[in-house]
Structures are given as C-alpha cells and as structure tokens.
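Per the numbering used here, the very first residue in the sequence shown carries number 71; after that it's consecutive. Just so you know, even glycine gets a beta-carbon here, dropped at the ideal spot from N, CA and C. Remember, predicted model here, so these are calculated numbers, not experimental data. Step one of this worksheet: look at the structure below.
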Amino acid sequence: MQKYRPFLIIALVLAIAIIGAMLLLRSSWKQSLDVPTPTPQAVSKTQAIPAQVVVTLEEFGDYQCPPCGELHPTLKQLKQESGPNLNFVFRNLPLTTIHKNSLVAAQAAEAARMQNRFWEMHDLLYREQAVWAKTQDVQSLFNSYAGMIGLDLERFKKDVGGEEVKAKVESDRKRGEALGVKNTPTIFLNNQSLPPTSLNPTALRAAVDAAVKEKTKVLK
C-alpha cells in the first residue's frame with residue numbers, strides 16, 4: 071500500500087488542481103454573463119426650432135444714445151439665447167447734432183470689425199457709455215479699449231479714420247434714411263418696424279418668439 075502512496079498523493083493533487091481550475095473558469099464565465107450590456111448613448115434631442123429658421127433683427131443705434139444703452143443688454147441676451155436662429159444686424163446711426171462722440175464711437179466699432187472684433191467693441195462701448203460720453207479726448211480712450219480686446223493698435227488707429235470705415239458708417243446712415251428712420255433705437259424684425267412700445271425686454275422677446283414660430287409654421 072505504501073508503494074502506491076506517492077501515486078495517490080499525485081492523483082489527489084491533480085484532482086484538486088482540476089477542480090480548482092473548473093471553479094475558477096465557472097466564476098469567470100458567470101462574471102462575464104453578469105456584465106451589463108452597454109446602454110446605447112442617448113440620442114440628442116432634436117432642437118425644437120429647426121436650424122434653417124432664421125429671423126432678422128435689424129437695429130439702428132447710436133452708441134451715445136442712453137435708450138440704446140439701456141436696450142443693449144436685452145438684445146445681447148436675445149442674441150445669445152436664440153443662437154443661429156436670430157440674425158442680429160446693427161446699423162450705425164450716430165446722431166451727431168446731439169451726441170458729439172457718437173460718430174467716433176461708430177468708427178471705432180467698425181475699425182474693430184476690420185479685425186473681427188466688432189461685437190467685443192460694440193459691447194464695450196455700450197457698457198462704458200457713461201464714461202466715454204463725457205470724455206474730451208475720446209479717441210485715446212477708444213485706443214485703450216482696442217488694446218483691451220486684443221486689437222492691433224496701430225492698425226486700429228489707421229482704420230478708424232480710413233475710407234472703408236467711413237463708407238460703412240455712411241452706408242448704414244443712408245439705409246436708415248431710406249427706411250425713414252429718424253430716432254434711435256429703431257428696430258426692424260423681418261423688415262417690419264417695431265413700435266416704440268415693443269422696445270422693452272418682455273415685448274421684444276415676445277416679438278422675436280412670435281416671428282420664429284411663424285417662420286417655423288411656414289417651413290412645416
């Protein structure tokens with residue numbers, strides 16, 4: 071019996087190893103079954119407003135005009151909220167007889183446009199309206215604004231008094247004249263003039279929403 075003992079021990083060890091391997095294999099197989107099936111990523115919801123629905127809001131404004139400055143935050147927010155569905159166009163209409171710095175401000179904004187920074191200068195001019203409107207050396211202040219928004223200062227100084235900028239401001243003025251615009255701010259929504267009573271945050275937002283809905287119906 072003793073001479074068979076080594077063989078029995080070897081057989082026992084092999085049996086234990088085989089059983090252990092089978093148990094390990096079964097556990098691994100079970101775990102693979104328990105792994106949850108990956109959930110497909112949620113499909114992004116289609117925008118409520120089709121991308122091709124675009125309404126145009128055209129403002130004739132004067133950078134030194136207080137009511138324009140008061141309306142600016144509302145228009146900026148509408149532009150941000152509506153995204154590509156709102157084409158916001160600003161037209162320069164400096165009322166130079168009552169606002170001495172308005173023309174230079176319009177030229178500063180258009181000079182910034184030459185370096186693709188129009189909206190940055192546009193926002194800054196309205197935000198700082200109370201400061202530069204009373205400044206004697208306004209051009210020096212506008213030069214500092216140009217530096218603040220990262221413009222090439224030497225190019226900006228050249229463009230402010232350049233023919234291209236002057237022509238753009240004059241073109242806006244002539245368009246306003248052709249449409250009978252006399253005051254600022256004046257707003258056209260899809261080429262329809264909005265009454266002064268609509269130039270407040272609630273009414274303006276309602277008018278834009280109505281225009282978007284109307285255009286959405288046409289495309290359906």
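- Through-space distance from K238 to L221, alpha-carbon basis: CA-to-CA, the gap between L221 and K238 works out to about 19 Å.
- Query: By Cβ distance, which residues of its chain are closer than 7 Å to Q209, with the 5 residues on each side in sequence left out?
  - Reply: The residues are V174.
- Message: Quick check: what's the CA-CA separation for P154 versus K170?
- Response: Across the structure, P154 and K170 are spaced so that their CA atoms are roughly 35 Å apart.
- Item | Residue burial classification, I168 (beta-carbon count within 10 angstroms, cutoff 16) | Exposed.
- Message: Given this structure, state the Cα-to-Cα distance separating K228 from E198, to the nearest angstrom.
- Response: In a straight line, the C-alpha of K228 is about 23 Å away from that of E198.
- Task: Could you work out which residue in L223, A281, V235 and R275 is closest to E151 when comparing CA atoms only?
- Result: Comparing Cα-Cα distances from E151 to each of L223, A281, V235 and R275, the minimum goes to R275.
- Query: Comparing alpha-carbon positions, which option in I257, V278, T286 and D279 lies nearest C138?
  - Reply: Closest in alpha carbon position to C138, among I257, V278, T286 and D279, is I257.
- Task: Select from V251, V125 and W202 the residue whose C-alpha is nearest the C-alpha of L163.
- Result: It is V251.
- Quick one: any contact between the region 192-207 and the region 125-145, if contact means 3 or more CB pairs under 8 Å? Touching, yes.
- First through last residue of the beta strand (DSSP E) which encompasses N162: From DSSP, the beta strand (DSSP E) with N162 extends over L156 to N162.
- Could you check if A281 is buried or exposed, using at least 16 other CB atoms within 10 Å of its CB as the buried criterion? A281 comes out buried.
- Take the Cβ of M218 as the centre, count every other Cβ of all protein chains shown within 10 Å, and call the residue buried at 16 or more, exposed below. With fewer than 16 other Cβ atoms within 10 Å, it is exposed.
- Query: What do you reckon, are the CB atoms on Q147 and V230 nearer than 7 Å?
  - Reply: Result no, Cβ atoms of Q147 and V230 do not sit closer than 7 Å.
- Under 7 Å, do P266 and E129 count as touching if we go by C-beta distance? Taking 7 Å as the cut-off, the Cβ atoms of P266 and E129 do not count as close.
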